[in-house]
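These notes are about the structure you will find just below.
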Amino acid sequence: MALTLHDTLTREPRALTPIDGKTLRFYCCGPTVYGPAHIGNFRTFVAQDVFRRTLEMGGLPTLHVRNLTDVDDKTIRDSQKAGQTLTEFTRYWTEKFHADCTALNLLPPHVEPSAVTHIPHQVRMIETLIQRGHAYATGDGSVYFKVASFADYGRLSHLEDRELRLGATVASNATDSDEYSKDSLADFALWKARKPEDGENFWPSPWGEGRPGWHLECSAMALEYLGEDFDVHSGGVDLIFPHHENEIAQSCCATHGKFAHHWFHVTHLMVDGGKMSKSLGNLYTLEDLQKRGYSPAEVRYVLISGYYSAPLNFTFHSLDAARQALQKLAKFAKQLGETAKNESLHAGPFHEAWYTLNSDLNVPGALGAMFGTINKTKPATLSVEEARQAWSGLQFMLKALGLNLPAEAEEAEVPAEIAALAETRWQAKLAKDWPAADVARKELEAAGWVIKDSKDSYQVVKK
RNA sequence: GGCGGGGUAGCAAAGUGGUAAUGCACUGGUCUGCAAAACCGGUAUGCGCGGGUUCAAUUCCCGCCCCCGCCUCCA
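If you use the numbering used here, the first sequence corresponds to residues 1 to 463, in order.
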């Protein structure tokens, strides 16, 4: 089953078939490693992860490239504030990022190149652009891309010349004087000449010491690892302009290829009905949520539970709902029994969910279909073979969505005094000493434990 | 102003030219000493507002209102 995905450039859903007929090659704009990523960042990365998983579960191998931006104004500024070298500083935040990715069950990219380790690639690309008349160096040793030299500029973002000029004017008023020498206000930096505040962070180039512009790194690394033409380029919607527009311009002018053939953009996460911002105090990191007792799996569930192209409103209530939903899935899996843990190759009775997922990555629709199947499937009435199919089909879908089910609360974790109290209450119940049983039960509840009775046994779980 | 994404039950969120999935919450029943858990059910005459097309519109068309994002920092 081929995945159909909406394409930002053509503005229509298109079936994804690999250009080379074998591997779906895609590039994702990665994080700038100068601080902890927040859950809004992760909405995009999680959506990209579901994208990749869906392709792979459908039998299509992928080549996933996601960069690390480890040199820009913010990384330089904050590394200096921290009294660290740029390398030390960005390594620390890269490791943090990776830890969060692992916790959120994100598949690591096949290649994760960083800007700093690809300076020569970027310099080569700039040389080509200058040779071809698409870029020019200025007196201070910077190099700019000549937007007017690329007729298709603005096609992705649908911005007209008028808006481009307007935006550039506004920006130039707000920025410093190093923009003075550009031919056109819309032109953007490919190479930034060394400035005193860059400290030790500069590299040699034919135009003098300096550092690459932000937009160029993605183009250079995509070219290096995916070639002049590749299948999909992805990022948050805010990157459409100018970042992706600039990437297209640079890449198409520096190569003979079309660059990305399909554009996949993820809409922003909202918090409490509005934009996330530090000043509103609603900017959360994974660590913040874990401190409040939520698991990464619950966070992941919330992040995928909205359609990637629609705004998703994040609330604590949605995290609570995610917890219950995951437990419902786990209960169902348990009822099916796990005696036949075979490798799941197809969705089985969850075919409708799988079909829905492949229709423009409709995760909420797919989750709805999964629960629909669960609600009409009565584990007790299934044959061994039917249960096996249901179990492996469920695993198939969970793998495609990257959802790990919560483990059953271990009875071994119950402290001795709690276990003793529970046993006292059970004995009182057997002796039909209801007042004593109720007292014990209340004490347990006060201590944060709940009793689940069954016919001739009981269980104590944390709550 | 331009471009783009939204407005569906208490909350969240799919979907369709023929009368609204699903999760949470709520609620009825079974079970229970009573609960909890579990299991079986129920819950939007309604899909931002006003027109239009149609046998039929939440779904198509026109106009309008509101929310969010982008318009050279930004997932």
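Think of the CB as a built atom: it goes at the ideal place given N, C-alpha and C, for glycine as much as any other residue.
So, are the CB atoms of residue i and residue j less than 8 Å apart?
i                 : j              : result
histidine 118     : glutamate 217  : yes
phenylalanine 188 : arginine 194   : no
arginine 323      : glycine 402    : no
aspartate 229     : isoleucine 19  : yes
leucine 24        : alanine 2      : no
alanine 428       : alanine 440    : yes
glycine 393       : glycine 348    : yes
cysteine 469      : histidine 158  : Here the chain comprises residues numbered 1 to 463, so residue 469 is not present and cannot be evaluated.
proline 406       : leucine 326    : yes
leucine 312       : methionine 270 : yes
tyrosine 225      : proline 113    : yes
methionine 370    : alanine 220    : no
alanine 366       : threonine 356  : yes
phenylalanine 45  : cysteine 101   : yes
leucine 398       : leucine 104    : no
glycine 141       : tryptophan 207 : yes
valine 363        : valine 50      : yes
alanine 437       : arginine 425   : yes
tyrosine 294      : leucine 329    : no
threonine 75      : leucine 86     : yes
valine 450        : lysine 432     : no
glycine 448       : methionine 276 : no
asparagine 404    : alanine 321    : no
threonine 54      : alanine 400    : yes
glycine 21        : tryptophan 93  : no
For residue i, collect the residues of the same chain with a Cβ closer than 6 Å to its Cβ; drop the 5 residues on either side in sequence, then sort them by chain order.
i             : result
valine 123    : Ser205
valine 237    : His265 and Thr267
glutamine 335 : Pro379
lysine 258    : Asp229
glutamine 459 : Lys452
threonine 69  : Thr32 and Ala115
serine 234    : Cys28, Gln48 and Phe264
alanine 82    : Phe89
histidine 6   : Pro13 and Asp360
histidine 121 : Ala220 and Glu224
serine 79     : Leu86 and Phe89
Name the DSSP bridge partner or partners of residue i?
i              : result
alanine 137    : Val143
glutamine 290  : Answer by DSSP bridge pairing: none, since glutamine 290 is not bridged.
threonine 285  : His38
proline 212    : Trp191
histidine 233  : Tyr27 and Trp263
leucine 430    : Partner(s): none; leucine 430 has no beta bridge.
isoleucine 451 : Val460
valine 271     : Gly274 and Phe314
tryptophan 207 : Answer is none; tryptophan 207 lacks a bridge partner.
serine 359     : Thr4
Within a Cβ cutoff of 7 Å, which residues of the same chain sit near residue i, ignoring the five residues on either side of it in sequence?
i             : result
serine 359    : Thr4
aspartate 272 : Asn282 and Thr315
alanine 171   : Low per-residue confidence applies at alanine 171: pLDDT is 45, beneath 50, and the placement is therefore not dependable enough to give any value.
alanine 390   : Leu336, Gly348, Pro349, Thr377 and Leu382
arginine 66   : Cys28, Gly30, Pro109 and Glu112
serine 457    : none
aspartate 198 : Ile76 and Arg211
tyrosine 308  : Ala47, Val266, Thr267 and Leu361
threonine 10  : none
histidine 256 : Glu228
Please classify residue i: is it buried, with 16 or more other beta-carbons within 10 angstroms of its beta-carbon, or exposed?
i             : result
aspartate 176 : Reliability of the predicted coordinates at aspartate 176 is poor, the pLDDT of 41 falling under 50, and the value obtained from them is presented with this limitation in mind. Looking at its Cβ environment, which holds fewer than 16 other Cβ atoms inside 10 Å, aspartate 176 is exposed.
histidine 244 : buried
alanine 99    : exposed
lysine 466    : The question about residue 466 has no answer, for the chain in this structure spans 1 to 463.
histidine 317 : exposed
histidine 251 : Looking at the sequence shown, residue 251 is not histidine but serine. With 16 or more Cβ atoms within 10 Å of its Cβ, serine 251 is classed as buried.
glutamate 423 : exposed
arginine 43   : buried
valine 302    : buried
leucine 190   : buried
glycine 479   : Summary: the structure shown does not reach residue 479, with the chain confined to residues 1 through 463, and so no result is reported for it.
glycine 59    : exposed
Going by beta carbon distance, what residues of the same chain come within less than 8 Å of residue i, once the five residues before and after it are set aside?
i                 : result
phenylalanine 396 : Met57, Ser344, Leu345, His346, Ala347, Gly348, Phe350 and Trp354
tyrosine 136      : Ile130, Val143, Tyr144, Lys146 and Asp183
phenylalanine 241 : Leu156, Ser157 and Leu159
alanine 222       : Tyr27, Val65, Phe230, His233, Glu247, Ser251, Phe259 and Ala260
alanine 420       : none
glutamate 443     : Leu421
*In chain order, each alpha helix (DSSP H) run of at least 4 residues that lies wholly inside the region 3-80*: 39-57
*Runs of alpha helix (DSSP H) wholly within the region 84-122 (minimum 4 residues, chain order)*: Fully contained in the region 84-122 are the following alpha helix (DSSP H) runs of length 4 or more, in chain order: 86-103.
_Just to confirm the assignment: which complete alpha helix (DSSP H) runs, minimum length 4, are found wholly within the region 286-333?_
286-291 and 296-304
*Note down, one range per segment and in chain order, each alpha helix (DSSP H) of at least 4 residues found wholly within the region 365-431.*
Segments of the alpha helix (DSSP H) lying fully in the region 365-431: 384-401 and 416-430.
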